[in-house]
Amino acid sequence: MARAKLRVERVTKRFGGLVAVDGLSFDVNEREVLGIIGPNGSGKTTMLNMMSGAFKPTEGFISLSDRQISGKAAQTIARAGVGRTFQLVRLLPGLTVLENVVAGAVFGHRRQWGQSAKMVALRMMERVNLNISPNAPITELTYIDQKRVELARALCGEPNILLLDEWLAGLNPTELEAGIDLIKTLQEEGRTIILVEHVMGAIRSLCDKCVVMASGAKIAEGSPEQVLADPEVIRAYLGDEDE
Amino acid sequence: MIRGSFTELLIIAVLAAFAATVPLVANGYWLSVCVTGMMYIALATSWSMFSGPTHYISLATAAFFGLGGYLLATGMSDYQQPFWLMLAIVPFTGAVLAALIGLATLRLSGVYFVIFTLGLAEMIRNLVSWIQNNFLGSRGLYVLTDYTERHIYWMLLAVAATVYMLGWLINRSRLGFSLRIIGGDETVARHVGINTATAKVILFITTGFFGALVGGILAPRYSYIEPNQVFSPQLSFLVVIIALLGGSGRLWGPLVGVIPFTILWELVQTYFPNQTTLFLGVVFLVIVYFLPHGVVGRLEQALEQVRKRR
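Chains as they are written, first to last, in my numbering: chain G, 385 to 627; chain L, 946 to 1255.
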């Protein structure tokens, strides 16, 4: 797999007077799984959106394998090797399952067309355990299968780094277990992954390290055990004892 | 990801060959109806190539059509240039105008794009009228050629066939697939690596090119050209209604819409000349309430139901 290292340096994002992300810095090394956690509204998805090019940082830099990607268009970043899923699943309703998945192979990091793209898509459908007819309409899928389609689409582009925005959110306990196992297999393949997640069980079992955000700023960084035991992190999630 | 089969192309080729014989058997009134129908086929199919997959409703058809007709008339009437030279030039001016509109509207979507294109077409009409009135001394131009309705029909048929062939090729290409993804979700399109702006502008330029070409071909039919006639906003709406009636989801959708609409439109214009706008309104309501995906969409739905029952 290609070398991938993502570096976030003093990144700030302001929406008018609101500072959504405040001077955030962290590195993701190759084959590492990084979890970005924090209470709702702490700026996690905004950070992910800046990494994928949906937003441009107000200040700071983001680089992928020493090439600056911050400020570039989303399609340029996708072609540079950043694949992503969305917090609320975004599928293409007029297209079949296969067409949804193959889009990643056709336009992504490794641009393919025709039969070779189709083969990649079918392989990725199998990879994410999507046991459904490739020609099925997208409207017939269960929630977890919709998430699998989105993940397969991101994997089809053969990304250097994969951004998963609350991929496990909204799943029932059985689905959650299957979802964690699936991401674990991606980790075992040596993929570099950034997870924005609320499911702490997943964070503990999947992440090599975590960045904890509160009010747009980083309040802790380290292994899941370290950060989840950090008093400031506990305070950010639960509030002060006398509150 | 690839749409449009060789069978579909063959059917269209047979239909085009059949259509080419129409002027040999039809004349007078019915040939005139066929010219109008062929004009709508070319315009609505090229409109559908962009607006069908992307769902960007363009009301700029009159701007391209008018530009083509008016420029051709200016070249012939004021500068004594030959018809064929002007006809070779006008599509490129349509393409340039479309490129400018495309670049100016990259960030617009939904209703803002619709209003912009309508406003732009009206602005061009008024601008041309103003220039004509204040600087060129007359309101109209003469286009005098030896070409009859029959020749115009064949020229339009050639354009319609070219538009269809191009649309078929686009549907089978990466560009065609990218437009369907853009129509589904533009954010997803960007995040899978599609340069959405380039894809949209390329297709819009194609629409502008063919719109102006059709306008140029139609100019000899009118003989006397004046801005309010060739830049009529009604044309933009008619093209949208025809495409939606047939179904803009498929390349051959507008073809299905043109035949019933042209005949009905001719009947309404003949027997109820003061109620044409009312008729358009009713047709539009029928489409919105009963045929949201057009006749083709309804047919596909019915076929799907039959398949499921089996």
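Beta carbons: idealized from backbone N, C-alpha and C, even for Gly.
Checklist line | Proximal residues of chain L, C-beta to C-beta of Leu579(G) below 8 Å | finding: On the first sequence, residue 579(G) is found 195 positions in, with the first residue counted as 1. Those do not exist, as Leu579(G) stays about 17 Å from chain L at its closest Cβ, beyond 8 Å.
Notebook entry, point to check: How many angstroms separate the CA atom of Glu393(G) from the CA atom of Gly444(G)?
Noted result: For the purposes of this step, residue 393(G) is identified with residue 9 of the first sequence, where counting begins at 1. For the purposes of this step, residue 444(G) is identified with residue 60 of the first sequence, where counting begins at 1. If you take the alpha carbons of Glu393(G) and Gly444(G), they lie about 6 Å apart.
Next item on the list: Examine chain G for any beta-carbon lying closer than 8 Å to the beta-carbon of Arg1135(L), and answer yes or no.
Entry: Translated into positions along the second sequence, residue 1135(L) becomes position 190. Answer yes: the Cβ-Cβ gap between Arg1135(L) and chain G drops below 8 Å somewhere.
Item checked: Of the listed residues Tyr974(L), Ser950(L), Met994(L) and Thr1215(L), nearest to Ile1150(L) (C-alpha basis) -> Reading the second sequence from its first residue, position 205 is the one you call residue 1150(L). Nearest of Tyr974(L), Ser950(L), Met994(L) and Thr1215(L) to Ile1150(L), Cα basis: Met994(L).
Notebook entry, point to check: Under the three-state reduction of DSSP, which class applies to Ser993(L): helix, strand or coil?
Noted result: For the purposes of this step, residue 993(L) is taken as the residue at position 48 of the second sequence. Helix.
Margin query: Three Cβ pairs or more, each shorter than 8 Å: is that satisfied between the stretch 998-1012 of chain L and the stretch 1177-1189 of chain L?
Written below: yes
Checklist line | For Ser599(G), the three-state DSSP class (helix, strand or coil) | finding: Numbered from 1 along the first sequence, position 215 holds the residue referred to as residue 599(G). DSSP, reduced to helix, strand and coil, places Ser599(G) outside both helices and strands of the structure shown, so it counts as coil.
Item checked: Reference Trp1197(L), options Val978(L), Ser991(L), Ala962(L) and Asn1079(L), closest by Cα -> Within the second sequence, the letter at position 252 stands for residue 1197(L). Nearest C-alpha to Trp1197(L): Ser991(L).
Next item on the list: Would you verify that the beta carbon of Phe491(G) is, or is not, closer than 8 Å to some beta carbon of chain L?
Entry: Against the first sequence, residue 491(G) aligns to sequence position 107. Yes, because at least one Cβ of chain L sits closer than 8 Å to the Cβ of Phe491(G).
Note to self: Taking 8 Å as the threshold (C-beta atoms), are Gly1121(L) and Ile1127(L) in contact?
What the structure shows: Residue numbering aside, residue 1127(L) sits at position 182 when the second sequence is read from its first letter. Residue numbering aside, residue 1121(L) sits at position 176 when the second sequence is read from its first letter. No, they are not a contact pair.
Check: Mind listing which residues of the stretch 1108-1129 of chain L have their C-beta closer than 8 Å to chain G's C-betas, in chain order?
Finding: Arg1119, Phe1122, Ser1123, Arg1125, Ile1126, Gly1128 and Gly1129
Item checked: Start and end residues, beta strand (DSSP E) containing Lys502(G) -> Looking up residue 502(G) in the first sequence gives position 118. Premise fails: Lys502(G) lies in the alpha helix (DSSP H), Gly498 to Arg511, not in any beta strand (DSSP E).
Item checked: Contact set between the stretch 472-486 of chain G and chain B, restricted to residues whose Cβ is under 7 Å from the partner -> Of the chains in the structure shown, none is chain B; the protein chains are G and L.
Notebook entry, point to check: Which residue comes first and which comes last in the alpha helix (DSSP H) that contains Ser447(G)?
Noted result: Along the first sequence, read from residue 1 onward, the residue named residue 447(G) stands at position 63. Note, Ser447(G): premise wrong, no alpha helix (DSSP H); beta strand (DSSP E) at Glu443 to Leu448.
Note to self: Could you give the first and the last residue of the continuous alpha helix (DSSP H) run that contains Asp549(G)?
What the structure shows: For this step, residue 549(G) is matched to residue 165 along the first sequence. Segment Ile545 to Asp549 is the beta strand (DSSP E) holding Asp549(G); no alpha helix (DSSP H) there.
Checklist line | Element boundaries [alpha helix (DSSP H), containing Gly1239(L)] | finding: Locating residue 1239(L) in the second sequence gives position 294, counting from the first residue. Run containing Gly1239(L): Gly1239 to Arg1254, per the alpha helix (DSSP H) assignment.
Next item on the list: Within the stretch 1119-1181 of chain L, note down every full beta strand (DSSP E) run reaching 3 residues or more, in order along the chain.
Entry: none
Notebook entry, point to check: When DSSP labels each residue in this structure, what does Cys594(G) get in the three-state scheme?
Noted result: In the first sequence, residue 594(G) corresponds to position 210, counting from 1. Looking at Cys594(G) - three-state DSSP - the assignment turns out to be strand.
Check: From what residue to what residue does the beta strand (DSSP E) around Glu393(G) run?
Finding: Position 9 of the first sequence, counted from the first residue, corresponds to residue 393(G). It spans Leu390 to Phe399 - the beta strand (DSSP E) in which Glu393(G) sits, taken as one unbroken run.
Checklist line | Straight-line Cα distance separating Trp1029(L) from Ile1139(L) | finding: On the second sequence, residue 1139(L) is found 194 positions in, with the first residue counted as 1. On the second sequence, residue 1029(L) is found 84 positions in, with the first residue counted as 1. Roughly 38 Å separates the two Cα atoms.
Item checked: Anticipated Cβ contact below 8 Å, Ile446(G) with Met435(G), distance rounded -> The residue given as residue 446(G) occupies position 62 in the first sequence. The residue given as residue 435(G) occupies position 51 in the first sequence. The Cβ separation is near 6 Å, so the contact holds.
Note to self: For Phe1155(L) and Met1031(L), what's the separation of their Cα atoms in angstroms?
What the structure shows: Sequence index remark: in the second sequence, residue 1155(L) carries index 210 (1-based). Sequence index remark: in the second sequence, residue 1031(L) carries index 86 (1-based). Each residue's Cα considered, the two are about 14 Å apart.
Item checked: Contact residues within the stretch 407-437 of chain G, judged by C-beta distance below 9 Å to chain L -> Ser436 and Gly437
Note to self: Distance check for Gly1020(L) and Pro1199(L), CA to CA, integer angstroms please.
What the structure shows: Locating residue 1199(L) in the second sequence gives position 254, where the first residue counts as 1. Locating residue 1020(L) in the second sequence gives position 75, where the first residue counts as 1. Take the alpha-carbon of Pro1199(L) and the one of Gly1020(L): they are about 32 Å apart.
Next item on the list: Check the Cβ of Gly541(G) against every Cβ in chain L and list those closer than 8 Å, keeping chain order.
Entry: For the purposes of this step, residue 541(G) is identified with residue 157 of the first sequence, where counting begins at 1. By Cβ distance, chain L contributes Val1137 and Gly1138.
Check: Using a C-beta cutoff of 8 Å, does Arg468(G) count as contacting chain L?
Finding: Working through the first sequence from its first residue, we reach residue 468(G) at position 84. For Arg468(G), the answer is yes, since a Cβ of chain L falls inside 8 Å of its Cβ.
Note to self: Tell me the DSSP secondary structure of Thr576(G) in three-state form.
What the structure shows: Numbered from its first residue, the first sequence carries residue 576(G) at position 192. Thr576(G): strand per DSSP, three-state reduction.
Check: When the Cα of Tyr985(L) is compared with those of Met946(L), Gly1202(L) and Lys1253(L), which residue comes out closest?
Finding: Taking the first residue of the second sequence as 1, we reach residue 985(L) at position 40. If we check each option's Cα against that of Tyr985(L), Gly1202(L) comes out closest.
Note to self: Measuring only the C-alpha atoms, how far is Glu524(G) from Ala438(G)?
What the structure shows: Position 140 of the first sequence, counted from the start, is the residue given in the question as residue 524(G). Position 54 of the first sequence, counted from the start, is the residue given in the question as residue 438(G). Each residue's alpha carbon lies about 29 Å from the other.
Next item on the list: Take every Cβ of the stretch 1098-1112 of chain L, pair it with every Cβ of the stretch 971-987 of chain L, and state whether three or more of those distances are shorter than 8 Å.
Entry: Taking 8 Å as the limit for Cβ pairs, the verdict is that the stretch 971-987 of chain L does touch the stretch 1098-1112 of chain L.
Check: Who are Tyr1087(L)'s beta bridge partners in DSSP?
Finding: Locating residue 1087(L) in the second sequence gives position 142, where the first residue counts as 1. For Tyr1087(L), which the question treats as bridged, DSSP gives the partners Tyr1169(L).
Next item on the list: Report the rounded CA-to-CA distance for Ile522(G) versus Arg474(G), giving the unit in angstroms.
Entry: Working through the first sequence from its first residue, we reach residue 522(G) at position 138. Working through the first sequence from its first residue, we reach residue 474(G) at position 90. Straight-line Cα distance between these residues: approximately 11 Å.
Notebook entry, point to check: Exposed or buried, what is Thr1050(L) when buried is set at 16 or more other beta-carbons lying within 10 Å of its beta-carbon?
Noted result: Residue numbering aside, residue 1050(L) sits at position 105 when the second sequence is read from its first letter. Buried, because 16 or more other Cβ atoms sit within 10 Å of the Cβ of Thr1050(L).
Next item on the list: Give, in chain order, every unbroken run of the alpha helix (DSSP H) that is at least 4 residues long and sits entirely within the stretch 1036-1109 of chain L.
Entry: Runs of the alpha helix (DSSP H) inside the stretch 1036-1109 of chain L: 1056-1080.
Next item on the list: Check the Cβ of Trp641(G) against every Cβ in chain L and list those closer than 8 Å, keeping chain order.
Entry: The first residue shown for chain G is 385 and the last is 627, placing residue 641(G) beyond what the model contains.
Item checked: Contact set for Phe1195(L): own chain, Cβ-Cβ below 6 Å, skip 5 residues either direction -> The sequence position of residue 1195(L) within the second sequence is 250, counting from 1. In the sequence as displayed, the identity of residue 1195(L) is Arg instead of Phe. Around Arg1195(L): Val1241.
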